[in-house]
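*Asks:* One structure, as structure tokens, below. Some questions next.
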Ligand code: URA
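In the UniProt record's numbering, the protein residues as written are 284 to 488.
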């Protein structure tokens, strides 16, 4: 059974939060991997970045954004002059959700219930890191952060208030860049991602 009551307990550090996260999210849902992928980077960072959920490679390594989407993100961060290790990088959902096809594990988009289940952990991360700006990568991160369904094309690129001390900016998920079939289209989308990261970075003090 649960070792603490989510609603009344307040962790005092990201480490403490993550210890409990590992225990408390274990066994949730049918199609989740047993390994949590925790947030990493600087817990004092003015910039927090939120992805969707770990993928196959992230699950294997136990680190966020180390697969193909991570390569896109790393390149975009470098182009925007943001040092990855100086940010706090995490995901809305902390375990890899997949369906098995033979030996392969196929990524499944987290449901609204999954987002809600993991939302408490994300809110605690925001509270503990207290970033100036949060970059939400894609619709799942945006939904987890704002509690509302958002359309990326309509809501991307602007800095908006979240709390008194924290603002947020929504942009496309780096995996979206990968799904565009032609190189020219990919380059355009990549540039937009870099521009959004620059906007966010300029806002961080
Ligand atoms: N995609 C995400 O949203 N997060 C990761 O950590 C990796 C891929």
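Backbone N, C-alpha and C define an ideal beta-carbon position, used for all residues, glycine too. Keep in mind it's a predicted model, so treat the numbers as computed, not measured.
Which class does residue 377 belong to by DSSP, given the choice of helix, strand or coil?
*Replies:* Three-state result, residue 377: coil.
*Asks:* Classify residue 465 as buried or exposed, calling it buried when 16 or more other Cβ atoms lie within 10 Å of its own Cβ.
*Replies:* It counts as exposed.
*Asks:* Short of 8 Å in beta carbon distance, which residues of its chain neighbour residue 414, apart from the five on each side in sequence? Order them along the chain.
*Replies:* The residues are 328, 329, 330, 331, 371, 449 and 487.
*Asks:* Name, in chain order, the residues that DSSP records as bridge partners for residue 426.
*Replies:* BP columns for residue 426 are empty, so no partner.
*Asks:* Tell me whether residue 486 sits in a helix, a strand or coil according to DSSP, three-state version.
*Replies:* In this structure, residue 486 counts as helix in the three-state DSSP scheme.
*Asks:* If you reduce the DSSP assignment to three classes, tell me which class residue 334 lands in.
*Replies:* Of the three classes helix, strand and coil, the one that applies to residue 334 here is strand, per DSSP.
*Asks:* So what does DSSP say about residue 408, is it helix, strand or coil?
*Replies:* Of the three classes helix, strand and coil, the one that applies to residue 408 here is helix, per DSSP.
*Asks:* Distance, Cα to Cα, residue 317 vs residue 401?
*Replies:* If you take the alpha carbons of residue 317 and residue 401, they lie about 15 Å apart.
*Asks:* Only counting the same chain, and skipping five residues up and downstream in sequence, which positions put a Cβ closer than 8 Å to that of residue 375?
*Replies:* Correct list, in chain order: 333, 334, 335, 336, 393, 398, 401, 402, 405, 423, 424, 426, 427 and 428.
*Asks:* Taking 8 Å as the cut-off, does the stretch 454-463 touch the stretch 346-355 (at least 3 CB pairs, one atom from each stretch)?
*Replies:* A contact exists between the stretch 346-355 and the stretch 454-463.
*Asks:* Per DSSP, which one or two residues make a beta bridge with residue 371?
*Replies:* 324 and 331, per the DSSP bridge assignment.
*Asks:* How about residue 373 and residue 341: are their beta carbons less than 7 Å apart?
*Replies:* It is not a contact, given that the beta carbons lie outside the stated cut-off.
*Asks:* How about residue 335: is its Cβ closer than 6 Å to a heavy atom in ligand 1?
*Replies:* Residue 335: yes, Cβ under 6 Å from ligand 1.
*Asks:* I believe residue 364 touches residue 484 by the beta-carbon criterion, under 8 Å. Please report the beta-carbon distance rounded to the nearest angstrom.
*Replies:* About 7 Å separates the two Cβ atoms, so the contact holds.
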